[in-house]
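**Q** Residues in the sequence shown are numbered from 41 upward in steps of one, following this note's numbering. Built from N, CA and C at the ideal position, the CB exists for glycine as well. Attaching a single structure in structure tokens format; questions to follow.
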Amino acid sequence: MHDFLNFTTFFGYDVRTLFPITITRSWHVQLAILWISICWIGASFFIAPLLSPREPANQKFIINIIFALIVLLGVGSMVSIYGGPLGFFENWWWFGHQGWEYVEPGKLWQGLLFVVLALWCVTLYRALKPAIKVGQPWQLPNWLVYSTSSILILLLSGFVATPKTNFVIADFWRWCVIHMWAEAFFEVFTTVLVGYFMVLMGLVSRQAAIRVIYIATLLFLGSGLLGISHNFYWNAKPVATMALGSVFSTLQVIPLILLTLEAWRFQKLPNLVESMLSNGSALSQKFGMPEVFLFLIGVNFWNFFGAGVLGFIINLPLANYYEHGTYLTVNHGHAALMGVYGNLSIATILFCCQLITKERILER
Ligand code: HEM
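Structure (structure tokens):
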């Protein structure tokens, strides 16, 4: 980051030698992905007992193991990203830096991430199992299980590349991790989690949340899966693939606009809530989290602006062909990633902290 900011010396010491840009940039990307995923994992464990009639045995023990593995993963991958480019590890592919943007940490750490995500899915499934009804595959708890499992399955694409893999093949699968996470399954997970929060805060009914999740999933997966080709301008894909990709990725903006219309409707909710609070209605006992609500509105806004508008600007073929790797990508990447998933993570932290502190106050 220091090169971008022209911050190259510190008290006369050349920081570029100690922290080369390759390393700080990779730390930046990986820390962004890690903190967001950790918040989601934590929040899903936190809300699971609120949704399920009983907690399975040994749940706390498994969650503690996951926590320990995440700490190991965080520290290990940061060290590997540092040591790899500086030549600390002989077997850089396993322990160091793989050299692929967004899939930087060595294969060992990538494997550990896979184990953590797999444990997450299993533990969440165990927690939600009592709430899952046989014969009703599209209920809210099921959606949480489907979206987390899909995130896990998509990480498999990140294992394809080896130092000997052809660039075109390796880059294709690398994009499958990035794009399928960011623009397809993370979006579905976000919608499910936001839907759940709205239900738990008493703002929408379960049925309404399920309806929104249905539509969003159809639209995100329908446009997102084929839309991935907007990333393939530079890895030798045929013209027909590019054409298909550009049409479908342009359609990706539609679910975002629909979500924004929904958010516009949500905006009126605080007034409604305020009037209900003053009436002392049942809703007032549940809805005490205007800050959480504010960040959820933020998720919607940045989904529209960061992902939708700034994504759309670089998405049309004429722009897309020339803009790859420019500041336009940086604009879009930051606004979409921090705006949508970052704000969602902050909302989850606030939601959980408020419930924890409220319970403590009640206990006292
Ligand atoms: C919340 C959803 C989204 C997130 C988090 C996200 C994030 C990102 C990130 C981080 C990159 C940069 C990858 C790189 O530097 O190699 C990127 C690239 C790109 N995104 Fe998105 N994106 C989202 C949605 C969208 C949507 C809806 C569109 C289209 C309307 C879009 C169009 C693009 C394009 C065309 C690129 C390629 C730019 C390049 O490689 O230079 N994105 N996205």
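Check whether the stretch 385-392 and the stretch 75-84 touch, using three or more Cβ-Cβ pairs below 8 Å as the test.
**A** Touching, per the Cβ criterion.
**Q** Does the distance between the C-beta of Ala376 and the nearest non-hydrogen atom of the ligand FMN fall short of 7 Å?
**A** By its list of ligands, the structure shown excludes the ligand FMN, since it contains just the ligand HEM.
**Q** Is Phe50 buried or exposed, if buried means 16 or more other CB atoms sit within 10 Å of its CB?
**A** Phe50 is exposed by the Cβ-count criterion.
**Q** With respect to 7 Å, is the separation between the Cβ of Phe352 and the closest non-hydrogen atom of the ligand HEM below this value?
**A** Yes, Cβ of Phe352 sits closer than 7 Å to a heavy atom of the ligand HEM.
**Q** Quick check on this structure: which residue in Leu152, Val185, Leu153 and Met118 has the alpha carbon closest to the alpha carbon of Leu168?
**A** That would be Val185, whose Cα lies nearest to the Cα of Leu168.
**Q** For the ligand HEM, is there any heavy atom lying closer than 7 Å to the beta carbon of Tyr367?
**A** No.
**Q** Determine the burial state of Gly52: buried for a count of at least 16 other Cβ atoms within 10 Å of its Cβ, exposed for fewer.
**A** That one is exposed.
**Q** So for Tyr142, helix, strand or coil by DSSP?
**A** Coil, per DSSP.
**Q** From Glu223, Val332 and Ile297, pick the residue whose C-alpha is nearest to that of Phe341; which is it?
**A** Checking every option, the nearest Cα to that of Phe341 belongs to Ile297.
**Q** Do Ser263 and Leu291 count as a contact pair if the criterion is CB distance below 8 Å?
**A** Yes. Within cutoff.
**Q** What does the Cβ neighbour count give for Trp178, buried or exposed, with the cut at 16 atoms within 10 Å?
**A** The residue in question, Trp178, is exposed, as its Cβ has fewer than 16 Cβ neighbours within 10 Å.
**Q** Starting from Ile191, follow the alpha helix (DSSP H) in both directions and report where the run begins and ends.
**A** Note, Ile191: alpha helix (DSSP H), Leu180 to Leu195.
**Q** Taking 7 Å as the cut-off, does the CB of Ile297 come closer than this to any heavy atom belonging to the ligand HEM?
**A** No, the beta carbon of Ile297 sits no closer than 7 Å to any heavy atom of the ligand HEM.
**Q** Taking Cβ to Cβ, would you say His372 is nearer than 8 Å to Gly346?
**A** For His372 and Gly346, yes; Cβs fall inside 8 Å.
**Q** Does DSSP classify Tyr273 as helix, strand or coil?
**A** Three-state DSSP puts Tyr273 in coil, outside helix and strand.
**Q** Excluding five sequence neighbours on each side, which residues of the same chain lie with their C-beta closer than 6 Å to the C-beta of Glu223?
**A** The residues are Gly264.
**Q** Per DSSP, what kind of secondary structure is Thr290 in: helix, strand or coil?
**A** Residue state, collapsed to three classes: helix.
**Q** Does the stretch 192-206 come close enough to the stretch 271-280 to have 3 or more Cβ pairs within less than 8 Å?
**A** No, the stretch 192-206 is not in contact with the stretch 271-280.
**Q** Below 8 Å on the Cβ atoms is my guess for Val228 versus Ala256; work out the distance and round it to an integer in Å.
**A** Confirmed, about 7 Å.
**Q** My understanding is that Val69 touches Glu130, with C-beta atoms under 8 Å, so please give their C-beta distance in whole angstroms.
**A** Not really, about 25 Å apart at Cβ, beyond 8 Å.
**Q** What's the gap between the Cα of Phe128 and the Cα of Ala158?
**A** One C-alpha to the other measures close to 30 Å.
**Q** Does the Cβ of Ser197 lie closer than 7 Å to at least one heavy atom of the ligand HEM?
**A** No, Cβ of Ser197 sits at least 7 Å from all heavy atoms of the ligand HEM.
**Q** Determine the contact status of Ile172 and Asn182, defining contact as a CB-CB distance below 8 Å.
**A** Result yes, Cβ atoms of Ile172 and Asn182 sit closer than 8 Å.
**Q** Comparing the CB of Tyr186 with every heavy atom of the ligand HEM, is any distance shorter than 7 Å?
**A** No, since every heavy atom of the ligand HEM falls outside the 7 Å radius drawn around the Cβ of Tyr186.
**Q** In the structure shown, what three-state DSSP assignment does His364 receive?
**A** The answer is coil: DSSP assigns His364 none of H, G, I, E or B.
**Q** Shortest alpha-carbon distance to Pro330 belongs to which of Pro278, Leu243 and Ile294?
**A** Answer by Cα proximity: Leu243.
**Q** Short check: CB of Ala156 to CB of Ile102, under 8 Å?
**A** The question names Ala, yet the displayed sequence has Val at residue 156. Not closer than 8 Å, so no.
**Q** Residues in the same chain with beta-carbon distance under 7 Å from Ala248, minus the five sequence neighbours each way, listed in chain order, please.
**A** So the list is empty, once near-sequence residues are dropped.
**Q** Less than 7 Å between C-beta atoms, sequence neighbours within five positions excluded: which residues of the same chain meet that for His219?
**A** Around His219: Ile268 and Asn271.
**Q** Can you tell me whether DSSP reads Phe128 as helix, strand or coil?
**A** Here Phe128 sits in coil by DSSP.
**Q** Which residue's Cα is closest to the Cα of Gln150: Phe226, Phe199, Tyr361 and Ser190?
**A** Checking every option, the nearest Cα to that of Gln150 belongs to Phe199.
**Q** Can you list, in chain order, the residues of its chain whose CB lies under 7 Å from that of Asp54, leaving out five sequence neighbours each side?
**A** Closer than 7 Å at Cβ, skipping near neighbours: Thr48.
**Q** Whose CA, out of Thr64, Leu164 and Leu113, lies closest to the CA of Leu90?
**A** Cα-wise, what sits closest to Leu90 is Leu164.
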